[in-house]
Amino acid sequence: MDLRHIQSFVKVVEKQSFSKAAQELGYTQAAITIQIKQLEETLGTKLFDRIHRKVRLTEDGEAFIFYANDILRTFNRARSFKNDEESVKTIIRVGTVGSLGSHFFPDFIYTFSQQYPLVELKIIIGTTKSLTDMIHRNEIDIMYTIDELIYEPELVNMMREPEPIYFVTKDPNIKAQKYSLDEISDYPFLLTEKGEAYRYELERHLAHESVDLNAIVEVGEIGIITKVLKKGLGIAYLPYFSVKDDVDSHALNIVDVDIPNVTMWRQVMVHEKKFLSKGMKDFLETITKI
């Protein structure tokens with residue numbers, strides 16, 4: 003069934019004339035006649051009676067006009083849905099790791115929601131591995147993580163920002179000098195939860211040097227760790243973005259430890275086949291600037 007035939011049918015009904023319908027639609031009268039005939043053949047019924055130059059709907063034509071109008075209304079809504087997108091509430095599912103979520107998202111959510119009130123953010127916290135699985139299963143739309151550079155089939159990296167990882171403390175017993183990993187291992191250690199990429203790097207160095215840490219707590223919330231550190235207890239291994247303000251204000255100090263420098267990457271990723279709505283594009287544009 004050709005949409006043009008339905009448009010012509012509705013216009014003939016509106017104008018009660020084949021010639022007037024043809025004139026308004028930009029067709030010849032013969033073309034309109036052919037279109038209506040083809041529509042009648044498709045439907046297997048006669049839609050118009052033409053008696054004494056007057057056009058009248060048959061009984062089947064009277065019944066079909068309701069379907070025809072409904073088809074055209076649906077088509078027009080579908081054609082203009084992009085224009086209405088900004089006025090429709092949308093949901094963006096964002097997967098992130100705990101350290102990024104607690105540090106960046108409180109301010110980001112406030113700012114983004116003020117600018118885009120019709121976008122609802124659903125934040126899912128997980129490990130890079132679990133989030134990667136989720137984005138492949140289309141359970142999240144966007145992944146924001148900190149890890150080694152990710153080269154994953156079918157995933158597109160929208161942002162890469164390097165983040166160095168440092169040992170930090172406020173323990174008065176830890177001096178401004180270079181320490182070996184073994185020398186700091188006896189101090190109370192505050193660990194992030196397993197699954198964080200930089201926690202894995204620390205464990206790799208510990209295993210290489212056969213060193214065990216004096217761990218006193220393991221917690222996924224970096225804010226808790228930094229608050230304990232600032233009270234003068236312990237040492238932690240954290241990404242610089244999470245302690246920059248405290249280091250700048252001398253609330254925390256960087257500890258010089260004799261191991262190779264470690265850099266992780268903040269990365270924003272989407273699936274290559276993901277349709278990016280306007281809300282998602284706005285989100286990506288905003289988050290890649292922080």
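Positions in the sequence shown are counted from 1; adding 2 to them yields the working numbering.
Note that the Cβ used here is the ideal one computed from N, Cα and C, for glycine as well.
Check: Since Thr228 and Ser251 should fall inside the 8 angstroms C-beta cutoff, what is the C-beta to C-beta distance between them, to a whole number of angstroms?; Outcome: Thr228 to Ser251, Cβ: 12 angstroms. No contact.
Check: By the 10 Å Cβ neighbour count, where 16 or more other Cβ atoms means buried, how is Ala217 classified, buried or exposed?; Outcome: exposed
Check: Please state the DSSP three-state secondary structure of Asp214.; Outcome: coil
Check: Please name the residue, chosen from Lys177, Arg95 and Arg52, that lies closest to Asn255 on a Cα-to-Cα basis.; Outcome: Lys177
Check: Starting from Ala65, trace the alpha helix (DSSP H) both ways and give me its first and last residue.; Outcome: Glu61 to Arg81
Check: Can you list, in chain order, the residues of its chain whose CB lies under 6 angstroms from that of Met145, leaving out five sequence neighbours each side?; Outcome: Gly97, Leu133, Ile137 and Met271
Check: Measuring straight from C-alpha to C-alpha, what distance separates Arg162 and Asp109?; Outcome: 20 angstroms
Check: Quick check on this structure: which residue in Ile67, Pro155, Glu211 and Ala199 has the alpha carbon closest to the alpha carbon of Ser187?; Outcome: Glu211
Check: Below 7 angstroms CB to CB, which residues in the same chain sit around Thr290 once its five sequence neighbours on both sides are set aside?; Outcome: Met160, Met161 and Val270
Check: Quick check: the Cα distance between Val99 and Ala199, rounded to an integer number of angstroms?; Outcome: 10 angstroms
Check: Do Ser104 and Pro241 have their C-beta atoms closer together than 8 angstroms?; Outcome: no
Check: What is the DSSP secondary structure of Gln31, reduced to helix, strand or coil?; Outcome: helix
Check: Once the 5 residues before and after Gln31 are set aside, which same chain residues still bring their CB inside 7 angstroms of it?; Outcome: Phe20, Ser21 and Ala24
Check: Just to confirm, are Gly236 and Thr171 a CB contact at a threshold of 8 angstroms?; Outcome: yes
Check: Can you tell me whether DSSP reads Leu231 as helix, strand or coil?; Outcome: helix
Check: Between which two residues does the alpha helix (DSSP H) carrying Leu183 extend?; Outcome: Leu183 to Ile186
Check: Please indicate yes or no: does the CB of Ser279 lie closer than 7 angstroms to some heavy atom of the ligand ZN?; Outcome: With respect to small molecules bound, the structure shown includes none, and the ligand ZN cannot be examined in it.
Check: What residue does the beta strand (DSSP E) around His273 start on, and which one ends it?; Outcome: Val264 to His273
Check: Looking at C-alpha atoms only, which residue of Leu183, Lys17, Glu223 and Tyr112 is the closest neighbour of Glu205?; Outcome: Leu183
Check: With a CB to CB cut of under 6 angstroms and the five nearest residues on each side skipped, what residues in its chain are close to Leu151?; Outcome: Trp267
Check: Would you kindly check if the distance between the Cβ of Thr129 and the Cβ of Gly197 is under 8 angstroms?; Outcome: yes
Check: If the criterion is Cβ atoms closer than 8 angstroms, does the pair Phe77 and Leu41 meet it?; Outcome: no
Check: Within the continuous alpha helix (DSSP H) that includes Ile152, where are the two ends?; Outcome: From DSSP, Ile152 is part of no alpha helix (DSSP H); its letter is neither H nor E.
Check: Of all the options Asp258, Lys232, Asp260 and Glu185, which has the alpha carbon lying nearest to the alpha carbon of Asp247?; Outcome: Lys232
Check: CA-CA distance, Glu287 and Ile34?; Outcome: 49 angstroms
Check: Please classify Ile93: is it buried, with 16 or more other beta-carbons within 10 angstroms of its beta-carbon, or exposed?; Outcome: exposed
Check: So, using beta-carbon positions, are Lys39 and Glu26 closer together than 8 angstroms?; Outcome: no
Check: Do Phe114 and Val259 have their CB atoms nearer than 8 angstroms?; Outcome: no
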